[in-house]
Amino acid sequence: MPHRAPPGTIAPHIPADAYRRAEATGQPVVIVVHTTDGTGRPLSHFLYPLAVAGAGALGIFATIAALLALLDFAVHTAVSIAAATGPVSVGGITVKLFGSKR
Numbered sequence: 181m182p183h184r185a186p187p188g189t190i191a192p193h194i195p196a197d198a199y200r201r202a203e204a205t206g207q208p209v210v211i212v213v214h215t216t217d218g219t220g221r222p223l224s225h226f227l228y229p230l231a232v233a234g235a236g237a238l239g240i241f242a243t244i245a246a247l248l249a250l251l252d253f254a255v256h257t258a259v260s261i262a263a264a265t266g267p268v269s270v271g272g273i274t275v276k277l278f279g280s281k282r
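In this note's numbering, each residue carries its 1-based index in the sequence shown increased by 180.
Listed below in structure tokens is the structure:
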């Protein structure tokens, strides 16, 4: 009778003589696989909230940066317009916003 290799992918750790003896006598081969119970939490329990918090913080940071850039642009625009117009007169009251550059 030709010898065959042990079946499956978990069986190669069975000693060949024990497998062949069990095969010749008809005894069943019992394979015990030891596993450990996962007592801790998987990484996804921590990774998803951290990713959401990081994205939120980045979004808030970007919103504040955009607001500050818009405010800076508005101030520069207001200063340029005020410098170009000269004195401002409202209801007979004239106010010179900026001093003369000369």
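Even for Gly, the Cβ is constructed at its ideal location relative to N, Cα and C.
- Task: Within the same chain, show all residues whose beta-carbon is closer than 6 Å to that of ALA202, passing over the 5 residues directly before and after it, in chain order.
- Result: Within the sequence shown, numbered from 1, the residue matching residue 202 stands at position 22. Hits under 6 Å: VAL209.
- Message: Less than 7 Å between the beta carbons of THR257 and PRO267, yes or no?
- Response: Here residue 257 corresponds to residue number 77 of the sequence shown, with the count starting at 1. Here residue 267 corresponds to residue number 87 of the sequence shown, with the count starting at 1. Result no, Cβ atoms of THR257 and PRO267 do not sit closer than 7 Å.
- Message: Please state the DSSP three-state secondary structure of THR274.
- Response: Looking up residue 274 in the sequence shown gives position 94. Note: THR274 maps to strand in three-state DSSP.
- Note the first and the last residue of the continuous alpha helix (DSSP H) segment covering THR243. If you number the sequence shown from 1, residue 243 lands on position 63. It spans 224 to 265 - the alpha helix (DSSP H) in which THR243 sits, taken as one unbroken run.
- Query: Hey, how far is the Cα of ALA245 from the Cα of ALA254?
  - Reply: Translated into positions along the sequence shown, residue 245 becomes position 65. Translated into positions along the sequence shown, residue 254 becomes position 74. ALA245 and ALA254: Cα-Cα distance of roughly 14 Å.
- Message: Quick check on the DSSP output: the alpha helix (DSSP H) that includes ARG200 runs from which residue to which?
- Response: Stepping through the sequence shown from its first residue, residue 200 is reached at position 20. Taken as a continuous stretch (DSSP letters only), the alpha helix (DSSP H) holding ARG200 covers 196 to 205.
- Query: Between the C-alpha atoms of ASP197 and ILE211, what's the straight-line distance to the nearest angstrom?
  - Reply: Position 17 of the sequence shown holds residue 197. Position 31 of the sequence shown holds residue 211. Distance between the alpha carbons of ASP197 and ILE211 is about 15 Å.
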